[in-house]
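**Q** Start counting the sequence shown at 59; every next residue gets the next number (my numbering). The beta-carbon is built from N, C-alpha and C at its ideal position, and this holds for glycine as well.
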Amino acid sequence: MRTLTRATAEERRHLPVSTADVVIRAIEGDGGGERFRGYAARFDSRTAIGNPLRWGFYEEIAPGAFTKTLSEGDARFLIDHDSYYVVSRVSAGSLELAEDAEGLPVDSALDQALSYVSDLKANIRNGNITGMSFGFYVIKDEWSTETVETSDGQSVEVEVRRILEVRLIEVSAVTFPAYEDTEAELASVASALVSRGDLAAIEKRARFRPELRDLLQLVGSDSSDRTSEVTPAEQNSAGQTALQQVEGEPGESTRETSTPQDAAADAEGTEPAETTRANQDARVLRMRGLAARYGLPHVAS
59 MRTLTRATAE ERRHLPVSTA DVVIRAIEGD GGGERFRGYA ARFDSRTAIG NPLRWGFYEE
119 IAPGAFTKTL SEGDARFLID HDSYYVVSRV SAGSLELAED AEGLPVDSAL DQALSYVSDL
179 KANIRNGNIT GMSFGFYVIK DEWSTETVET SDGQSVEVEV RRILEVRLIE VSAVTFPAYE
239 DTEAELASVA SALVSRGDLA AIEKRARFRP ELRDLLQLVG SDSSDRTSEV TPAEQNSAGQ
299 TALQQVEGEP GESTRETSTP QDAAADAEGT EPAETTRANQ DARVLRMRGL AARYGLPHVA
359 S
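1) Can you look up residue 231 in the DSSP assignment and give me helix, strand or coil?
2) Using DSSP's beta-bridge definition, name the partner residues of residue 101.
3) Do you know how far the Cα of residue 228 is from the Cα of residue 194?
4) So who's on the other strand from residue 92, going by DSSP bridges?
5) Do the region 266-275 and the region 208-225 touch if we need at least three Cβ pairs shorter than 8 Å?
6) Assign residue 68 to one of three DSSP states: helix, strand, or coil.
7) To the nearest angstrom, how far is the alpha carbon of residue 295 from that of residue 132?
8) Between the region 71-90 and the region 136-147, can you find at least three pairs of beta-carbon atoms closer than 8 Å?
9) Could you spell out the range, first to last residue, of the alpha helix (DSSP H) harbouring residue 202?
10) By the three-class DSSP mapping on this structure, what secondary structure does residue 292 have?
11) Of all the options 71, 169, 141 and 151, which has the alpha carbon lying nearest to the alpha carbon of residue 119?
12) For the alpha helix (DSSP H) that contains residue 263, what are its first and last residues?
13) I believe residue 226 touches residue 124 by the beta-carbon criterion, under 8 Å. Please report the beta-carbon distance rounded to the nearest angstrom.
14) Run through the DSSP bridge pairs and tell me what residue 154 is partnered with.
15) Would you mind sorting residue 129 into buried or exposed? The rule is 16 or more other CB atoms within 10 Å of its CB.
16) Roughly how many whole angstroms lie between the Cα atoms of residue 140 and residue 172?
17) Give the secondary structure of residue 361 by DSSP, where H, G and I count as helix, E and B as strand, and everything else as coil.
18) If you run the structure through DSSP and keep just helix, strand and coil, what is residue 314?
19) Give the DSSP-derived three-state secondary structure of residue 247 in the structure shown.
20) Among 167, 216, 143 and 114, which residue has its Cα nearest to the Cα of residue 96?
21) Give me, in chain order, the residues of the same chain whose beta-carbon lies closer than 8 Å to that of residue 205; leave out the 5 immediate sequence neighbours on both sides.
22) Whose C-alpha, out of 174, 91, 127 and 111, is nearest the C-alpha of residue 231?
23) Leaving out five residues before and five after residue 92 in sequence, what residues of the same chain have Cβ atoms less than 6 Å from its Cβ?
24) Would you decide whether residue 180 is buried or exposed? Buried here means 16 or more other CB atoms lie within 10 Å of its CB.
25) Note down the Cα distance separating residue 155 from residue 127, rounded to an integer number of angstroms.
26) Is residue 241 buried or exposed, if buried means 16 or more other CB atoms sit within 10 Å of its CB?
In structure tokens form, the structure reads like this:
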């Protein structure tokens with residue numbers, strides 16, 4: 059089992075409405091009004107990210123994963139992860155977030171003056187809200203392997219990611235599940251693998267999803283010169299390389315301010331002599347394309 063400290067890209071997880079316990083409750087007293095209550099996350103609830111038997115993994119959130127971020131951060135309650143639709147905010151006193159034994163409960167005031175809050179209430183009551191979600195950066199996680207038995211009686215080794223600490227950005231009531239399609243699942247798997255920096259883990263999954271082989275470029279290695287056997291020292295080195303390649307702090311805009319020509323000029327003298335400016339420009343654009351595809355920050359040249 060290996061504990062990592064990484065934060066490369068924002069991730070999102072979804073909790074179905076059936077387990078989120080979403081309710082609108084009337085406030086007793088002269089002031090009246092209503093409050094929103096529900097869970098954004100449940101501890102020790104195993105979730106399949108992608109296809110764990112082939113190219114995905116299982117994931118759990120450990121109790122205490124939100125403790126530090128709740129004491130330091132200023133999370134918002136949004137609708138569908140859209141920062142335009144801010145329902146409440148911790149610093150404004152309208153949002154209460156605190157871990158309990160089960161997970162991360164959300165207790166929010168509902169401002170009747172906001173038209174989208176009225177829409178939210180109506181959508182909850184008529185069943186259009188499918189659950190809760192939260193946006194976060196992984197600060198600490200650990201990976202382990204387990205053997206599970208498939209429906210046809212075969213034993214398969216799967217990986218389990220246990221999230222130990224996160225930086226919470228926001229919680230959301232959502233109308234769509236976190237994984238609507240395979241591309242969204244791939245993006246989530248890709249983000250976790252780049253954070254992990256484990257070349258062997260990428261190679262293993264690329265046998266089933268060849269497009270994941272592109273991630274080898276994001277961790278500083280070409281799959282053509284790697285075997286599936288990678289030592290822990292190599293894995294750690296690859297992870298450090300990945301972190302060095304990622305530009306900007308979590309939450310910052312990933313809009314590129316320099317041109318490919320600027321990036322190529324900065325890197326002159328660091329590439330082999332036979333590498334031309336055109337080749338280097340192409341590499342920069344290819345790496346940016348990979349980062350955009352998997353929802354990761356832009357990578358340096």
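**A** Reading from the atomic positions:
1) As a working mapping, residue 231 is identified with position 173 in the sequence shown. Three-state result, residue 231: strand.
2) Locating residue 101 in the sequence shown gives position 43, where the first residue counts as 1. BP columns for residue 101 are empty, so no partner.
3) Along the sequence shown, one-based indexing puts residue 194 at 136. Along the sequence shown, one-based indexing puts residue 228 at 170. For residue 194 and residue 228, the distance between alpha carbons rounds to 7 Å.
4) Position 34 of the sequence shown, counted from the first residue, corresponds to residue 92. DSSP output for residue 92 lists 84 as bridge partner(s).
5) No contact exists between the region 266-275 and the region 208-225.
6) Taking the sequence shown and counting its residues from 1, one reaches residue 68 at position 10. Coil at residue 68, not helix or strand.
7) Mapped onto the sequence shown, residue 295 falls at position 237. Mapped onto the sequence shown, residue 132 falls at position 74. A caution first: residue 295 carries a pLDDT of 45, below 50, which makes its placement in the model unreliable, though a value can still be read off. Note on geometry: alpha-carbon atoms of residue 295 and residue 132 lie some 33 Å from one another.
8) Between the region 136-147 and the region 71-90 there are fewer than three inter-stretch CB-CB distances shorter than 8 Å, so the stretches are not counted as touching.
9) Your numbering for residue 202 matches position 144 in the sequence shown. Premise fails: residue 202 lies in the beta strand (DSSP E), 189-207, not in any alpha helix (DSSP H).
10) For the purposes of this step, residue 292 is taken as residue 234 along the sequence shown, with counting starting at 1. Residue placement at residue 292 cannot be trusted, given a pLDDT of 44 that sits under 50; what the coordinates show is reported in the next sentence. Collapsing the DSSP output to three states places residue 292 in a helix.
11) As a working mapping, residue 119 is identified with position 61 in the sequence shown. Closest option to residue 119, Cα to Cα, is 71.
12) For the purposes of this step, residue 263 is identified with residue 205 of the sequence shown, where counting begins at 1. Residues 257-264.
13) Taking the first residue of the sequence shown as position 1, residue 226 is located at position 168. Taking the first residue of the sequence shown as position 1, residue 124 is located at position 66. Approximately 6 Å separates the beta-carbon atoms of residue 226 and residue 124; this is inside 8 Å, confirming the contact.
14) By 1-based counting over the sequence shown, the position of residue 154 is 96. 165.
15) Residue numbering aside, residue 129 sits at position 71 when the sequence shown is read from its first letter. Exposed.
16) Indexing the sequence shown from 1 puts residue 140 at position 82. Indexing the sequence shown from 1 puts residue 172 at position 114. Residue 140 and residue 172: Cα-Cα distance of roughly 15 Å.
17) The structure shown does not extend to residue 361, since the chain is modelled only from 59 to 359, so the question has no answer here.
18) Numbered from its first residue, the sequence shown carries residue 314 at position 256. For residue 314, the predicted structure reports a pLDDT of 42, less than 50, and the residue's modelled location is therefore unreliable. A value from the coordinates is still provided. Looking at residue 314 - three-state DSSP - the assignment turns out to be coil, as it is neither helix nor strand.
19) One-based indexing of the sequence shown puts residue 247 at position 189. Helix at residue 247.
20) Counting from one through the sequence shown, the residue named residue 96 turns up at place 38. Ranking the options by Cα distance to residue 96, first place goes to 167.
21) Taking the first residue of the sequence shown as position 1, residue 205 is located at position 147. Excluding residues within five positions, the ones whose Cβ falls inside 8 Å are 213, 214, 215 and 216.
22) On the sequence shown, position 173 is the one that residue 231 refers to. Measuring from the Cα of residue 231, the nearest candidate turns out to be 174.
23) As a first step, residue 92 is located in the sequence shown; it is residue number 34 there, counting from the start. Sequence-distant partners of residue 92 (beyond 5 residues in either direction) whose C-beta falls short of 6 Å from its own C-beta, in its chain, are 82, 84 and 168.
24) Along the sequence shown, read from residue 1 onward, the residue named residue 180 stands at position 122. Looking at its Cβ environment, which holds fewer than 16 other Cβ atoms inside 10 Å, residue 180 is exposed.
25) Taking the first residue of the sequence shown as 1, we reach residue 155 at position 97. Taking the first residue of the sequence shown as 1, we reach residue 127 at position 69. Within the model, the alpha-carbon separation for residue 155 versus residue 127 is close to 10 Å.
26) Indexing the sequence shown from 1 puts residue 241 at position 183. Its Cβ having fewer than 16 others within 10 Å, residue 241 is exposed.
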